[in-house]
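With positions in the sequence shown counted from 1, the corresponding number in UniProt numbering is that position plus 80.
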Amino acid sequence: RKGRTPEEVVKRYLQKVRNPPEEDCTICMEALSGPSGYKAPGWCLVAMYNNGNKDGSLQCPTCKTIYGVKTGNQPPGKMEYHVIPHSLPGHPDCKTIRIIYNIPPGIQVSPPSPVRTCSVCVMMGSDLSIPNPGKPYTARGFPRHCYLPDTEKGRIVLRLLLVAWDRRLIFSVGTSSTTGESDTVIWNEVHHKTEFGSNLTGHGFPDPGHLDNVLEELRAQGITEEESLRD
Ligand code: APR
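The following block contains the structure:
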């Protein structure tokens, strides 16, 4: 797992915590709810990582949970893709990969018990990934159709998106920044192009930097070409 800095490993798992418990971090003894002051969030996790065997994973010193592969809270659904014989603006010499995501509405399920409140697991968001367990979620605008150029790089991105789907990182349940609706299925941190022949929404083509941006966003989720070959 060469080439990944301790900061990158920690950042991959670190989550923003909405309501941190009134407890101290077991590593640095600062309050979890404190305004993490002059230090960058997660600095103590970096220190912990540097004291360990530096193998790309992190372990909670309290409950021993290992954080090795980042996974998300994407609800159940289906991802399909096929090639369509049309070109995207900006990619005149190739066909197009169309991805179709379909997620039905459902009920938010609780994370696997026991719910962990150790400070490291709280920082990893392991007990906070579902906003409202037991409550229904809506799913708007499905099936969602997305497009990639059918080039060598486009096919690499597709392969990594399939890994992201299996790790439940393409969508999440939360509040839509577009509609303001809460408890709904929303795009997670990997941008998709949902507009085919134009770019009126900013989510269309042409966009010369798109594939590189997506590769960078996937990398931030711990998904790289090198990594996906191991799956
Ligand atoms: N297409 C692709 N990505 C989008 C779109 C869109 N039409 N709208 C927003 N995004 C991106 C945003 O730029 C942001 O990075 O998704 C991320 C999350 O935005 P939200 O508005 O919270 O996500 P969501 O509610 O899932 O999406 C809104 O996207 O695909 C459509 O049908 C969907 O109309 C819905 C819209």
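The beta carbon of each residue, even a glycine, is placed where N, CA and C say it ideally should be.
Check	Outcome
Candidates 95, 298 and 123: closest to residue 236 by CA position	298
Residue of 164, 100 and 268 minimising C-alpha distance to residue 228	164
Whole-number beta carbon distance between residue 303 and residue 265, since they are thought to touch under 8 Å	No, residue 265 and residue 303 are not in contact; Cβ-Cβ is about 20 Å, not under 8 Å.
Burial state of residue 143 (16 or more Cβ within 10 Å)	exposed
Between the CA atoms of residue 293 and residue 89 - distance to the nearest angstrom	19 Å
Separation of residue 84 from residue 149, as counted between CA atoms	14 Å
Residue 225 in three-state terms, based on DSSP	strand
Same chain only: Cβ atoms within 6 Å of residue 275, ignoring 5 sequence neighbours per side	281, 283 and 284
Meets three-Cβ-pair contact criterion under 8 Å: the region 248 to 267 and the region 166 to 174	no
In chain order, each beta strand (DSSP E) run of at least 3 residues that lies wholly inside the region 242 to 282	251 to 254 and 264 to 267
Closer than 7 Å: residue 271 CB and nearest the ligand APR heavy atom	yes
Any non-hydrogen atom of the ligand APR within 7 Å of residue 218 CB	no
Contact under 8 Å by Cβ, residue 295 with residue 151	no
Simplified DSSP state of residue 131, which is helix, strand or coil	coil
Other residues of its chain near residue 87: CB distance less than 7 Å, five sequence neighbours each side excluded	126
Residue 114 Cβ short of 7 Å to the ligand APR heavy atom set	no
Best match in 101, 210, 273 and 291 for proximity to residue 234 [C-alpha to C-alpha]	291
Residue 289 versus residue 305: straight-line alpha-carbon distance, rounded	18 Å
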